[in-house]
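J.: Terminal number for the sequence shown in my numbering: 227, no gaps in between.
The C-beta atom is built at its ideal place from N, Cα and C for all residues, glycine as well.
Here the structure is a predicted model, which is why all the values come from computation and not from measurement.
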Amino acid sequence: MFFNFLPKEEKYFDMFERASENAIKGATKFRDLLKDYTGVESKVREIEDIEHEGDIITHEIFDKLNRTFITPIDREDIHSLASELDDVLDFLKASSDRLLLYNIKKPTEEVIKLADTLVRTTIETSKAIKSMRDMKHCQRIQQYCIEINSLENEGDNILKNAIAKLFNDRMDPLEVIKWKEIYENIESAIDMCESVANTIGAILAKNA
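Right under this line is the structure:
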């Protein structure tokens, strides 16, 4: 099969794995920040550093793509995977930045739930990415993708309930705006994990 045909191109998979592991690291740092809401500024800076590392990995992938004639999977799929993994951390950074920008004093129960779902989603995403080295185990990869889709649905439900609670509790309108944006950015990060799963599914279909 084409995936095992070009060992010199394993670096693509190495970089994808680094990106997915970096996403787990960022999501875990964010969840831990919310659960221990102290030293917020320094912890947010740590998340920014992780997001910057993700940018570096993405740049490495694009640079290699521009210099490589033969790739182990379609070029557009490589570009999509790199961009989607990068977007996970972009949305995560946007959420963490707003904790400072909006002077959030205390996390809500709902934001912690969303962060926990994001951590679990990045873990499943990383498993799917790592399994791409051997497409012969496509059923296992598909199972990871199914779990990612399930977690994305879980995130959607948490988001809907969280926004409903903002209005039902008759919170100050400015606070509603702040929290709604934070919630939606976290859910967008989860959505990008699902986009990764969808791209992987398309790759499986092409190489079936």
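(1) Please state whether DSSP places MET20 in a helix, a strand or coil.
(2) Candidates ILE201, PHE88, LYS149 and ALA101: which alpha carbon is nearest LEU120's?
(3) From GLU171 to ASP210, what distance separates their C-alpha atoms?
(4) When the Cα atoms are used, what is the spatial distance from GLU40 to ASN187?
(5) Starting from TYR202, trace the alpha helix (DSSP H) in both directions and tell me its first and last residue.
(6) DSSP three-state call for ASN41: helix, strand or coil?
(7) Buried or exposed: which applies to ILE148, given that a residue is buried once 16 or more other Cβ atoms fall within 10 Å of its Cβ?
(8) Beta-carbon within less than 6 Å of GLN158's beta-carbon, same chain only, minus the 5 sequence neighbours each way: which residues are those?
(9) Taking ARG7 as the reference, give the member of GLU143, ILE131 and LYS184 with the closest Cα.
(10) Between THR127 and ALA46, how many whole angstroms is the CB-CB distance? I'm expecting something under 8 Å.
T.: In this structure, then:
(1) Since pLDDT at MET20 reaches only 41, below the 50 mark, its modelled position is unreliable, and the value read off the structure follows with that caveat. Correct three-state label for MET20: coil.
(2) Of ILE201, PHE88, LYS149 and ALA101, the residue nearest in Cα terms is ILE201.
(3) 6 Å
(4) 38 Å
(5) 192-225
(6) helix
(7) buried
(8) none
(9) In the structure as shown, the chain begins at 20 and stops at 227. Residue 7 is therefore absent and cannot be evaluated.
(10) The pair is not a contact, with the Cβ atoms about 18 Å apart (cut-off 8 Å).
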